[in-house]
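Down below is the structure, laid out as structure tokens.
Next comes the structure, spelled out in structure tokens:
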């Protein structure tokens with residue numbers, strides 16, 4: 191399975207990342223609905239579909255491009271300094287923008303006001319983001335090879351997308 195993934199990643203990197211990301215966002219929403227929220231109601235398949243669309247069509251292409259940008263443009267004297275600089279740049283610039291895009295996108299897909307959702311959800315979500323992602327991204331930028339960085343984020347996202355999905359509900 192891992193060899194198949196690596197082959198597909200080498201042949202069609204963006205498509206492979208989009209499919210992988212969509213799949214893991216769908217799984218994260220399933221966890222959100224049935225584990226994090228302990229929801230007694232039936233599974234909300236429309237919500238799961240929105241998470242899959244967001245993950246595969248919006249997040250994956252943006253994050254893939256962002257990781258390439260960081261890798262190309264931030265290279266310091268040591269791998270630790272480079273990792274810290276990339277993580278800080280990611281958390282200062284990408285995190286708040288990415289969270290805003292998430293809430294705007296999922297709200298628009300629901301037919302709700304995206305601006306209002308961003309206004310009410312950005313700050314509390316960014317605060318939660320700062321408890322997890324700086325550490326995860328430091329590991330990502332210092333240990334994980336470039337071609338697997340989005341996959342690493344997607345694995346961490348299994349839990350995080352559950353949090354996001356719960357907050358966007």
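Numbering (the numbering used here), first residue to last: 191 to 359.
Here a beta-carbon is modelled for each residue, glycine too, at the ideal position from N, C-alpha and C.
Practice task
Specify the secondary structure class of residue 191 as computed by DSSP and reduced to three states.
Solution key: coil
Problem - Residue from 313, 287, 238 and 298 with nearest C-alpha to residue 213 - result: 238
Problem - residue 306 versus residue 194: straight-line alpha-carbon distance, rounded - result: 43 angstroms
Exercise for the section: Throw me the rounded Cβ distance for the residue 279 and residue 266 pair, which I believe falls under 8 angstroms. Expected result: Rounded, the Cβ-Cβ distance is 12 angstroms, inconsistent with contact.
Handout entry: With 16 other Cβ atoms within 10 Å as the buried cut-off, status of residue 340
Key = buried
Handout entry: Contact set for residue 247: own chain, Cβ-Cβ below 8 angstroms, skip 5 residues either direction
Key = 208 and 212
Practice task
Determine the direct distance from the alpha carbon of residue 310 to that of residue 344, and round the result to whole angstroms.
Solution key: 25 angstroms
Exercise for the section: Return the first residue and the last residue of the alpha helix (DSSP H) that residue 316 is part of. Expected result: 304-333
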